[in-house]
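S.K.: Residue numbers (this note's numbering), protein chains in the order written: chain L, 4 to 803; chain B, 13 to 212.
Virtual Cβ for every residue (Gly too), placed ideally from N, Cα, C.
Just dropping this structure here.
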Amino acid sequence: MSDDGGFAGVSLLELFKLEAESHCAALTEGLLALEKSPGDTSAVEPLMRAAHSVKGAARIVGLDVVVTLAHVMEECFLAAKSGKEALSAGRVDQLLRAVDVLAELRSISESELAAWTASQAGRIDSLVAELKSAVPQGGEPVGSPAAPPTMSNPTPVAGAAALPPGETAQKPRVPAMAEVSSPVAAVPGAAVSAPTSPISNTEASSGGVSVRVASDVLNRMLSLAGESTVEASRMQTLRALAENLRARERAVANGLDSLRERVHESRRKAAGDPLMRERSEEQIDAWLTTLGAETGNLRGAVVEHSTRFDESMRRVEELSGALYTEVLRSRMRPFSEGASGFPRMVRDIARQLNKSVEFQMIGGGVEVDRDILQKLESPLTHMIRNSLDHGVEPEAERLAKGKPAKATIKLIARHQSGMLVVEVQDDGAGIDPEAIRRKVVDKKMVDEATAARLTRQELMEFPFLPGFSTKQAVTEISGRGVGLDVVMSMVQGVSGTITLESEPGKGTRFVMRLPVTRSVLRAALVRIGGQLFAVPLARLHRVALVAREEVSPVQGRQQFTLDDQSVGLVRASDMMGGTDPPTDRPSLCVLVIGGRNDELCGLIVDEVCGEEDLVIRPLDARLGTVAHISAAAIRADGVPVFVVDVDDLLRSVKQSLQEGKPLGIAAKYAEAQNASKRRILVVDDSITVREVERQLLQRRGYHVEIAVDGKEGLNALKAGKFDLLVTDVDMPRMTGIELIRALRKEPRFAELPVIIVSYKDRQEDRLAGLDAGANAYLTKSSFHDDSLIRMVEDLIGAPV
Amino acid sequence: MIPSGHTPEQSIERSDAGLTDSLLKLLDRPVAADDLSRAAADAALPADAGERGRVGIVMFALENETLALPASVVRRVTTFAPPVRIPHRSSGVLRGVCNVRGELVLCADLRRLLGLPARETEAGDSLRTMVIGPAHASWAFEVDALHGIGRINRAALATPPLTVEHSLGAYVSGLAELDGRKVTVLDGERILDGFRAGLA
Chain L
4 MSDDGGFAGV SLLELFKLEA ESHCAALTEG LLALEKSPGD TSAVEPLMRA
54 AHSVKGAARI VGLDVVVTLA HVMEECFLAA KSGKEALSAG RVDQLLRAVD
104 VLAELRSISE SELAAWTASQ AGRIDSLVAE LKSAVPQGGE PVGSPAAPPT
154 MSNPTPVAGA AALPPGETAQ KPRVPAMAEV SSPVAAVPGA AVSAPTSPIS
204 NTEASSGGVS VRVASDVLNR MLSLAGESTV EASRMQTLRA LAENLRARER
254 AVANGLDSLR ERVHESRRKA AGDPLMRERS EEQIDAWLTT LGAETGNLRG
304 AVVEHSTRFD ESMRRVEELS GALYTEVLRS RMRPFSEGAS GFPRMVRDIA
354 RQLNKSVEFQ MIGGGVEVDR DILQKLESPL THMIRNSLDH GVEPEAERLA
404 KGKPAKATIK LIARHQSGML VVEVQDDGAG IDPEAIRRKV VDKKMVDEAT
454 AARLTRQELM EFPFLPGFST KQAVTEISGR GVGLDVVMSM VQGVSGTITL
504 ESEPGKGTRF VMRLPVTRSV LRAALVRIGG QLFAVPLARL HRVALVAREE
554 VSPVQGRQQF TLDDQSVGLV RASDMMGGTD PPTDRPSLCV LVIGGRNDEL
604 CGLIVDEVCG EEDLVIRPLD ARLGTVAHIS AAAIRADGVP VFVVDVDDLL
654 RSVKQSLQEG KPLGIAAKYA EAQNASKRRI LVVDDSITVR EVERQLLQRR
704 GYHVEIAVDG KEGLNALKAG KFDLLVTDVD MPRMTGIELI RALRKEPRFA
754 ELPVIIVSYK DRQEDRLAGL DAGANAYLTK SSFHDDSLIR MVEDLIGAPV
Chain B
13 MIPSGHTPEQ SIERSDAGLT DSLLKLLDRP VAADDLSRAA ADAALPADAG
63 ERGRVGIVMF ALENETLALP ASVVRRVTTF APPVRIPHRS SGVLRGVCNV
113 RGELVLCADL RRLLGLPARE TEAGDSLRTM VIGPAHASWA FEVDALHGIG
163 RINRAALATP PLTVEHSLGA YVSGLAELDG RKVTVLDGER ILDGFRAGLA
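Laid out in structure tokens, this is it:
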């Protein structure tokens, strides 16, 4: 494990970037607040401090341009605070652009810094000039004592004149627009340098991904881990106690045995003597009493032990539960962190569209898994843009409709029945269902008769289809026909759902329902072919018990009818492998899967065993992708279980239904074919060469296995049965020549046919190869003609 | 008088897995600089130079044979962790994944790799899961029982006889005798290569 604790390994620049980032957030927020209530001079104070801090920090890392920029920003705030100059919207634009420059620094690596500074010097200079242009000179003396003498670039006010005429004054908003933080980058000509979101700040500089965790969470985790260790050491005491119990139990058992013997002996001796007999009985009574007492003690000890054991178990359960919760919580971030860019975005776009919009965020404190938060940003950006562009009407139109001039866009986050619900609401024009209905027909998605029957709810699903956009004109903010379908797939990517509700004239509401965390999955446990699998509950349409009589073949495929819809049936074990247990149950257990706009498919499973919350773990990287499986998990009882990749499975199921033949049998047939084929081992350290050779030979019908160097090749040969070896010469660890020499030494490989395929085509290389024991020496040009294939056939004959 | 008190065998009845684990941890600890120089000096000594030219091995039972792997490749031994089949993948040497102390580890079939017949008897109490290989590329496999650890002289390993009836021969680095027991010492790297090949 790498050492990622503390800040010891973090460069000064990294620290500066972290600091600048937090100040940027504060500056943006403060500026937007200030714009709403310009008179509030107390709000300027923190802004001034933020600019001042950035200036100081920048000086430490020697970023002179940033020092200059931060200084003029500070001057502006100072002027505003002293009441000399109220912050106009134009000035806020300028300041926000300055913040953008600071924010950009975040994504600049140490090595790129010099180049960045050089390339941005012009832009920063003109910004500085703009910011300075209107600042009254009188503000200067009030400047902080720390004001830098290093104002190396005292750009003259006339510097602004260097820009194209009109650029500074009339269109300050255009460049600002270009920097709207948005991964969707729907603004044409948007700068590529869109600042990364604060949640995605996984600084990749040190290789591993690192995330920020609140220190109190870490502290709680640490103390819980400490307590767990203490509790574990208590187990040792319990164990000693249990051993002691076992010893005493053994002693009692032994005592009982020996008592039995003595009683027997004593009775035998005292058989004829009444006096002896009496003494013997007394003796026996005494023994019994002792044994009885010991048994009593033992019982007491057992009770004590089990009490202590129960206590300990309860504590361990509590502790591990608490620890687990804390670890999960460490993944949680407040919703507002992922939404911090939106107020600014709404402001900028609204200004550009000349609309008046108020943005409200409700539930900023709701905790969300950082993975989901990150994945949410871009769909949310899209929906908000959508509301701004399509939803909200121009001011005049609103007034004409009797609505308040200022439109409201609300972003709401809340937890509801174990799900995270995120809503984007606007009080704009809304969507006319009839417009959708017309468009559905225009686009020939359904015929007119069907369209007429579609309910409003059904109509509202169409905007999520690819290529469906309700706005007539394509604008630069949104509405290019790509969008909502992307939003939909992103939401589905995190196992969520999205719905659209709209009241014409009143507004539109997008509602997303998402799992609270990606690390825990609520899943149905399903037995398929005798093995348990987890199916994400969010993707399960429903579970149906279908009587065998209800299943009927239609056009060569099995199907049944569910809610007037034909559902194609496939045996799940054909997809996941395993063998179905014999069953005489009269009905089939069917998982119905499929998306909202998708045809439904039915999977016949053995049984559904219940549902469970599973902690998701990625599959072992060495496995690569596994068909129909997305992840693994460990169940509460410790047994591993695989999580079904519903989308991948759906694709296969549909394919299988279209082909109309059982999938399993074809696969088995191919397998049986392989077993009887001639086997060739290909050894080459180049993946390209390996693949070319493999495909060449496989297409011909041979069974091919591969190894990456001589050593692995030798092991593979020793472990398996091969009819032919095809090897390269130059390879790490063990060369082809060494490999052949090693083979020829062993009796079982003395006769194994070997072909060398090499780039080297000099006569001495050829001789060295043949000398080592190769049967043939070919150059890699042999791929282009059929000389490799011919040689293989010469040596081992046809593939089967 | 009634006899009472501990019997000596109780202290021995500890779980051998736990014991071996802690012993293995000792063997797996990072090499200190002076250990390294001592090892270098050892290497310069003649083969049979006593305690120093020796390597730690972990011995286990498989199909009535005593096999061993170098302690340096063994990460841990735990009570049997049953493998779960990976759809479309588990066949031949790759058996699936198993849960070794809360971690999912790829599980291979050592019997299959060595050409030994599949286990016929019921899974007994002695069954163990052994994990070998580096941290992010480790493999688990089941063994019939754990015999504990020992030290052998690498140089004194006898070469395996040429007449091997199964593919076991390909994975053997030599034969040793320890406490009167014949031990077949396996080559850890070759075993790992064999498991890896099972992934394809």
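(1) Within 8 Å of any Cβ in chain B, is that where the Cβ of N718/L sits?
(2) Is the CB of P198/L under 8 Å away from at least one CB in chain B?
(3) Starting from E615/L and walking both ways along the beta strand (DSSP E), at which residues does that stretch end?
(4) State the Cα-Cα distance for the pair D768/L and I690/L, rounded to the nearest angstrom.
(5) Judging by CA-CA distance, which residue of K748/L, L278/L, K783/L and I740/L is the nearest neighbour of L773/L?
(6) Would DSSP call V195/B helix, strand or coil?
(7) Among V425/L, L423/L, L462/L and T453/L, whose alpha-carbon lies nearest the alpha-carbon of A438/L?
(8) So, at 8 Å on beta carbons, what are the nonlocal neighbours of S218/L in its own chain, with the 5 sequence-adjacent residues on each side left out?
(9) Please name the residue in R401/L, P556/L, E504/L and L248/L whose C-alpha comes closest to that of E307/L.
(10) Can the beta-carbon of L528/L be found closer than 8 Å to that of G641/L?
(11) Do I683/L and F645/L have their C-beta atoms within less than 8 Å of each other?
(12) State yes or no: is the beta carbon of L626/L nearer than 8 Å to at least one beta carbon in chain B?
(13) CA-CA distance, V109/B and G210/B?
(14) Mind checking Y327/L: buried by the 16 CB within 10 Å criterion, or exposed?
(15) For R237/L, tell me which candidate among S40/L, S315/L and L423/L has the shortest Cα-Cα distance.
(16) So that I know if they touch, is there some Cβ in chain B lying closer than 8 Å to that of P643/L?
(17) Using DSSP with H/G/I as helix, E/B as strand and the rest coil, what is R736/L?
(18) Using a Cβ-Cβ cut-off of 8 Å, state whether H100/B counts as contacting chain L.
(19) Would you please verify whether the beta carbon of R620/L is less than 8 Å from any beta carbon of chain B?
(20) My output table needs one value for Y780/L: the three-state DSSP class, helix, strand or coil.
(21) Looking only at its own chain, which residues have a Cβ that is under 6 Å from the Cβ of E398/L, when we skip the five neighbours before and after it?
(22) Closer than 8 Å by beta-carbon distance: list the chain L residues that pair up with R97/B, in chain order.
(23) Classify T171/B as helix, strand or coil using the three-state DSSP reduction.
(24) List the residues of chain L that R202/B touches, going by C-beta distances under 7 Å, in chain order.
(25) Using 8 Å as the Cβ pair cut-off and three pairs as the minimum, do the region 66 to 81 of chain L and the region 90 to 110 of chain L touch?
(26) Can you have a look at P643/L and say buried or exposed, based on whether 16 or more other CB atoms are within 10 angstroms of its CB?
(27) Spell out the partners DSSP gives F3/L in its beta bridges.
(28) Are the C-beta of E696/L and some C-beta of chain B separated by less than 8 Å?
(29) Between which residues of its own chain and R551/L is the CB-CB distance below 7 Å, once the five residues before and five after are set aside?
(30) DSSP on E246/L, reduced to helix/strand/coil?
(31) Can L791/L and P756/L be called in contact, C-beta distance under 8 Å?
(32) Measure the C-alpha to C-alpha separation of A212/B and V729/L and round it to an integer number of angstroms.
(33) Could one say the Cβ of N111/B lies closer than 8 Å to chain D's Cβ atoms, at least one of them?
(34) With respect to the alpha helix (DSSP H) encompassing S323/L, which residues constitute its N-terminal and C-terminal limits?
(35) Take E115/B as the anchor and find which of S102/B, A149/B, D121/B and V70/B has the nearest alpha-carbon.
(36) Would you say R121/B faces chain L, with C-beta separation under 8 Å as the test?
M.R.: Looking at the atomic coordinates:
(1) Chain B places a beta carbon closer than 8 Å to that of N718/L, counting this residue as a contact.
(2) Reliability fails at P198/L, whose pLDDT of 39 lies under 50, so the model's placement of it is uncertain and the value that follows must be treated cautiously. Chain B, which has no Cβ nearer than 8 Å to the Cβ of P198/L, makes this no.
(3) Run containing E615/L: E610 to R620, per the beta strand (DSSP E) assignment.
(4) In a straight line, the C-alpha of D768/L is about 23 Å away from that of I690/L.
(5) Answer by Cα proximity: I740/L.
(6) Strand.
(7) Across the set V425/L, L423/L, L462/L and T453/L, the C-alpha of L462/L shows the shortest separation from the C-alpha of A438/L.
(8) Answer for S218/L: no residue qualifies.
(9) Comparing Cα positions, the closest option is L248/L.
(10) With contacts defined by Cβ atoms closer than 8 Å, L528/L and G641/L do not form a contacting pair.
(11) Contact: no.
(12) True, the Cβ-Cβ gap to chain B drops below 8 Å.
(13) For the pair V109/B and G210/B, the Cα-to-Cα distance works out to about 13 Å.
(14) In this structure Y327/L is exposed. Its beta-carbon is surrounded by fewer than 16 other beta-carbon atoms within 10 angstroms.
(15) For R237/L, the closest C-alpha among the options S40/L, S315/L and L423/L is that of S315/L.
(16) Taking Cβ atoms only, chain B reaches closer than 8 Å to P643/L, which makes this a yes.
(17) In this structure, R736/L counts as coil in the three-state DSSP scheme.
(18) With its beta carbon less than 8 Å from one in chain L, H100/B belongs to the interface.
(19) At least one beta carbon of chain B lies nearer than 8 Å to the beta carbon of R620/L.
(20) The three-state reading of DSSP puts Y780/L in strand, counting E and B together.
(21) Excluding positions up to five away in sequence, the list reads S359 and A408.
(22) Those are Q534, G580 and G581, listed as they occur along chain L.
(23) In this structure, T171/B counts as coil in the three-state DSSP scheme.
(24) Here the neighbours are N718.
(25) Judged by Cβ distances under 8 Å, the region 66 to 81 of chain L makes contact with the region 90 to 110 of chain L, as three or more pairs qualify.
(26) P643/L is buried by the Cβ-count criterion.
(27) The requested residue 3/L is not part of the displayed model; chain L covers only 4 to 803.
(28) Taking CB atoms only, E696/L has no neighbour in chain B less than 8 Å away.
(29) Sequence-distant Cβ neighbours of R551/L in its own chain, meaning closer than 7 Å and more than five residues away, are P589, S590 and L591.
(30) E246/L: helix per DSSP, three-state reduction.
(31) Going by C-beta atoms, L791/L is not nearer than 8 Å to P756/L.
(32) So the two alpha carbons sit approximately 18 Å from each other.
(33) Among the protein chains of the structure shown, namely L and B, there is no chain D.
(34) For S323/L, the enclosing alpha helix (DSSP H) starts and ends at P277 to R332.
(35) When only C-alpha atoms are compared, the closest one is A149/B.
(36) Strictly speaking, residue 121/B in this sequence is Asp, with Arg absent from that position. False, the Cβ-Cβ gap to chain L never drops below 8 Å.
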